[in-house]
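Under UniProt numbering, the first residue of the sequence shown is numbered 1, with each subsequent residue one higher.
Data first, discussion second: the structure below is written as structure tokens.
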Amino acid sequence: MFSFTQRKRTPAEVDELVRYLSTAAEPDIDDIVDWWISQRKTYPRLSRMALDYHSIPATSTAVERVFSRARRLISWERNRLSPQSTRATMCTGYWSLMGLVHDEDLEVVAKSGRVRPQKGEEELLDVDLPVGFDRIVVDK
């Protein structure tokens, strides 16, 4: 059943790990992910594994923070928000904190009045907003 796992490794596959382990350590690596990306040609298989491993968040703090923030948004009194409204509010809040949403854009949306779906189109919430209102400008 698992006979495919019994195949012999090619010398290149074995040598890749041996080469990596025999290389002197580089003490001044600031970003391990960037380093492995730069080493893709030297260690193709090993770099793939390392990037998978180092891409895993060390903690679930970010996810827990999102749930905590959502709980403050959807309190026991405000529990009738639609999933679309909840998602839009959460995303807009984070985008605003990151500087991706301009205050002027939020004002346009806020002043546009209550958004009501058309009969039979509860999932579609179209609002007439100026062209380009959703453009994200990242200044570096």
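Backbone N, C-alpha and C define an ideal beta-carbon position, used for all residues, glycine too.
Unbroken alpha helix (DSSP H) run spanning residue i, endpoints
i     : result
Glu77 : Neither: Glu77 is in no alpha helix (DSSP H) and is coded neither H nor E.
Ser55 : Here Ser55 belongs to no alpha helix (DSSP H), and DSSP marks it neither H nor E.
Ala24 : Unbroken run through Ala24: none, as it is neither H nor E.
Asp34 : 32 to 38
Neighbourhood of residue i by C-beta, 8 Å cutoff - its chain only, sequence neighbours within 5 removed
i           : result
residue 141 : Examination of residue 141 is not possible in this model, given that the chain is present from 1 through 140 alone.
Residues of its chain near residue i, where Cβ-Cβ distance is below 7 Å and the 5 sequence neighbours each way are ignored
i      : result
Glu122 : Confidence is the limiting factor: at Glu122 the pLDDT is only 49, short of 50, which leaves the residue's position unreliable, though a coordinate-based value still follows. Hits under 7 Å: none found.
Glu104 : none
Gly74  : Looking at the sequence provided, one finds Ile at residue 74 rather than Gly. Leu81, Thr86, listed in sequence order.
Close-in-space but distant-in-sequence residues of the same chain around residue i (CB under 6 Å, 5 per side omitted)
i      : result
His54  : Ile32, Val33
Trp95  : Val101
Arg71  : none
Lys111 : none
Q) Is it true that the segment 14 to 22 meets the segment 34 to 44, where meeting means three or more beta-carbon pairs spaced less than 8 Å apart? A) yes
Q.
If we require 4 or more residues per run, which alpha helix (DSSP H) segments fall completely within the segment 93 to 117?
A. 103 to 111
Q: Mind the definition here: the segment 28 to 40 touches the segment 48 to 57 only if three or more C-beta pairs lie below 8 Å; say whether that holds.
A: Segments in contact, yes.
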